[in-house]
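**Student:**
There are 4 protein chains.
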Amino acid sequence: MVESHTTLHDRIKTSFDKQAFLALIGAELERVEKGKVVVSCKHRNALTQQQGFLHGGVVSSLADVSCGYAALTTMPDNAEVLTVEFKINLIRPANADKLVASGEVVKSGRTLIIAESTVTDENGEKVIAKMLATMIVSPMK
Amino acid sequence: MVESHTTLHDRIKTSFDKQAFLALIGAELERVEKGKVVVSCKHRNALTQQQGFLHGGVVSSLADVSCGYAALTTMPDNAEVLTVEFKINLIRPANADKLVASGEVVKSGRTLIIAESTVTDENGEKVIAKMLATMIVSPMK
Amino acid sequence: MVESHTTLHDRIKTSFDKQAFLALIGAELERVEKGKVVVSCKHRNALTQQQGFLHGGVVSSLADVSCGYAALTTMPDNAEVLTVEFKINLIRPANADKLVASGEVVKSGRTLIIAESTVTDENGEKVIAKMLATMIVSPMK
Amino acid sequence: MVESHTTLHDRIKTSFDKQAFLALIGAELERVEKGKVVVSCKHRNALTQQQGFLHGGVVSSLADVSCGYAALTTMPDNAEVLTVEFKINLIRPANADKLVASGEVVKSGRTLIIAESTVTDENGEKVIAKMLATMIVSPMK
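From first to last, the protein sequence lines are chains A, B, C and D.
Sequential numbering from 1 applies to the first sequence in this note's numbering.
Sequential numbering from 142 applies to the second sequence in this note's numbering.
Sequential numbering from 283 applies to the third sequence in this note's numbering.
Sequential numbering from 424 applies to the fourth sequence in this note's numbering.
1) Please list, in chain order, the chain B residues whose beta carbon lies closer than 8 Å to that of A/S15.
2) Starting from the Cα of C/D346, find the closest Cα among C/L306, C/L329, C/A397, C/D292 and give me that residue.
3) When you compare the CB of C/E398 with every CB in chain A, is at least one pair closer than 8 Å?
4) Mind checking who C/K412 pairs with in its DSSP beta bridge?
5) To the nearest angstrom, report how far apart D/A517 and B/E169 are at their CA atoms.
6) Do A/S102 and A/S66 count as a contact pair if the criterion is CB distance below 8 Å?
7) When you compare only the Cα positions, how much space is there between C/L336 and C/S322?
8) Give the straight-line distance between the Cα atoms of B/I153 and B/E245, rounded to the nearest whole angstrom.
9) What number of angstroms, rounded off, separates the C-alpha of B/G197 from the C-alpha of D/E508?
10) If you draw a straight line from the alpha carbon of B/Q190 to that of A/D97, how long is it in whole angstroms?
11) Just grab the DSSP bridge partners of C/R313 for me.
12) Residues of chain B with CB closer than 8 Å to the CB of D/T557, please, in chain order.
13) Is there a Cβ of chain A sitting closer than 8 Å to that of B/A161, yes or no?
14) Using only the heavy atoms of the ligand ADP, determine whether one of them is closer than 7 Å to the beta carbon of C/T355.
15) Given a cut-off of 8 Å, decide if B/R185 and B/V179 are closer than it, judged by their beta-carbon atoms.
16) Quick one: using the 10 Å Cβ neighbour count with 16 as the cut-off for buried, is D/T534 buried or exposed?
17) Closer than 7 Å between beta carbons: that is the criterion. Which residues of the segment 308-328 of chain C meet it against chain A?
18) For D/K564, count the other beta carbons within 10 Å of its own beta carbon; 16 or more makes it buried, fewer makes it exposed. Which is it?
19) Going straight from the alpha carbon of C/Q301 to that of A/I88, what length do you get?
20) Can you list the residues of chain D that A/L82 reaches, using a CB-CB cut of under 8 Å?
21) Find the residues of chain D that neighbour C/L394, judging by a C-beta separation of less than 9 Å, and give them in chain order.
22) Is the beta carbon of C/I418 closer than 8 Å to that of C/L364?
23) Does the CB of C/E386 have a neighbour CB from chain B at under 8 Å?
24) Contact criterion: CB-CB distance below 8 Å. Does B/C201 meet it with respect to chain A?
25) If D/H553 sits next to D/T541, beta carbons under 8 Å apart, how far is it from one beta carbon to the other, in whole angstroms?
26) Thinking C-alpha only, which one of C/S420, C/K324, C/L290 is nearest C/V340?
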């Protein structure tokens, strides 16, 4: 039986809400579908670097989360995924009112999941960052 | 004339204190020398992921900051550096009481600076993450 | 005046033919358009690793070349680009008869160009590798 | 019983000699110890890019091989390792007479091995490239 979109969204949301750091940066879960997850984050002064733009650490956290949850949507219910590594290019200053990170699975294997994420401004017009990441499946204890 | 260690430390500290996001995650500047900067961050619940470990976004933010400031120590006073890209391997769960990120310049060029960072626990015994990063010099306006 | 496709192709081809290593691995220039370059390479025993698949070094060389030339198509006639760094995920065994690497520019700046490449089999059906790369403009002497 | 250095070297050499691509680029196995492997490659015209330097593809192939075999030295006799991904910074033009890539294991786990490599000229004085890579254990069929 195919997992319904609602169920899939709920599963990701449950995990998302357990991550205190995501609350700290104000990350929000925007969209969940199999192999694709969109998360966002609004500009706040507490998230900025010395020039007033959103910090690269915020941008990469958001992109990482979008990759991780995109990976998780391709896994069975009792699995968890961990980030093995990622590479991110910070392409433009993150001076948008809202960052939107769209994570997508490139290949979902038995052990590893390769995913990529594009971070844009609210309108999806400016590419702010690109990530290419490797996740590993970890059976939940 | 060689810049004194105190002056170098002050210059980095001044920039460090302007980054609101570093205050948010509780990052501290531990050590500054030419080509090397150490930053740290204590475990707090607000910084954790779903298993109670420090979030990968915190680990990578800290490593990025250590690379960026290591790069900045090799630049003239009126310069600024921006992260072009980085790649990080999250090697062990970040379940330490304190993360220590040691950034070091591999090559400082006229335009680009290559730096790497090792993130360990408080005792420097367990390698939690490794980063390899590219920074670009940006003359301060 | 917009550079014609023929001229652009010729410019890339001239540079391509100067790279002895590309001849050694049998790389071929398949398609050139502004911001996008496709190169390919046929399976030969001399290019294999211990299991008879095309070596990861061949896959990454090809992807790198596709990114570099994609970047070059966005530059003025008298410029050259060099690879600053790249990250590649080797996603599936390169057991195809022919590798096809499609490089595309993500952002072309004054100093840096960010590009990505997807390496597939001949039919474009199986993704064998993904690359995310940074190139730098270097004025030709 | 600890595996002798001779045995370890022989095991790596046997695999090395099966890789046709390594013969094509003239790669040589210089040193093998547990967790560390050094490989090299002499300058030849066939390996160059358009400026007469060794091609980035050669540099990254060599670094990848040094990481892969460093990883393999930490594995049991009947295992094989595959490159999941790597990131390389090409730091200086590869205009040396000989490239030397020293691969070292950062962390050897049950499934994944993290390794890094430094590529220098013959004297080890100039850092030409740095790699950070992820390998996966694959039981030999």
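Using N, Cα and C, we set each Cβ at its ideal position, and we do this for glycine too.
**Tutor:** The relevant details are as follows:
1) Within 8 Å Cβ-Cβ: Q191.
2) Out of C/L306, C/L329, C/A397, C/D292, C/A397 has the C-alpha closest to the C-alpha of C/D346.
3) Among the residues facing chain A, C/E398 is included, as its CB has a counterpart in that chain under 8 Å away.
4) Looking at the DSSP assignment, C/K412 forms a beta bridge with C/N371, C/T400.
5) Straight-line Cα distance between these residues: approximately 38 Å.
6) Taking 8 Å as the Cβ cut-off, A/S66 and A/S102 qualify as a contacting pair.
7) If you take the alpha carbons of C/L336 and C/S322, they lie about 12 Å apart.
8) Our two residues, B/I153 and B/E245, have alpha carbons roughly 14 Å apart in a direct line.
9) Distance between B/G197 and D/E508, taken at the CA atoms: about 19 Å.
10) Across the structure, B/Q190 and A/D97 are spaced so that their CA atoms are roughly 25 Å apart.
11) DSSP lists C/V320 as partners of C/R313.
12) Proximity of chain B to D/T557 at the Cβ level (cut-off 8 Å) is accounted for by N230, in chain order.
13) With respect to chain A, the C-beta atom of B/A161 has a partner C-beta closer than 8 Å.
14) Looking at this structure, you won't find the ligand ADP or any other ligand, since it has none at all.
15) Taking 8 Å as the cut-off, the beta carbon of B/V179 is found no closer than this to the beta carbon of B/R185.
16) The residue in question, D/T534, is exposed, as its Cβ has fewer than 16 Cβ neighbours within 10 Å.
17) Within the segment 308-328 of chain C, no residue qualifies.
18) Bear in mind that the predicted position of D/K564 carries a pLDDT of just 47, short of 50, making it unreliable; the figure below should be weighed with that in mind. Residue environment for D/K564: exposed (fewer than 16 other C-beta atoms within 10 angstroms of its C-beta).
19) In this structure, the alpha-carbon of C/Q301 lies about 29 Å from that of A/I88.
20) Result: empty, since nearest Cβ-Cβ is about 11 Å, beyond 8 Å.
21) Residues of chain D passing the Cβ test: none, with the nearest at roughly 14 Å.
22) Yes, these two residues count as a Cβ contact at 8 Å.
23) For C/E386, no CB of chain B lies under 8 Å from its own CB, so it is not counted at the interface with that chain.
24) Per the sequence presented here, residue 201 of chain B reads as Ser, with Cys not at that position. Yes, because at least one Cβ of chain A sits closer than 8 Å to the Cβ of B/S201.
25) Note that residue 553 of chain D is Lys in the sequence shown, not His. With a contact defined as Cβ atoms closer than 8 Å, D/K553 and D/T541 qualify at about 6 Å.
26) Of the listed residues, the one whose Cα sits closest to C/V340 is C/K324.
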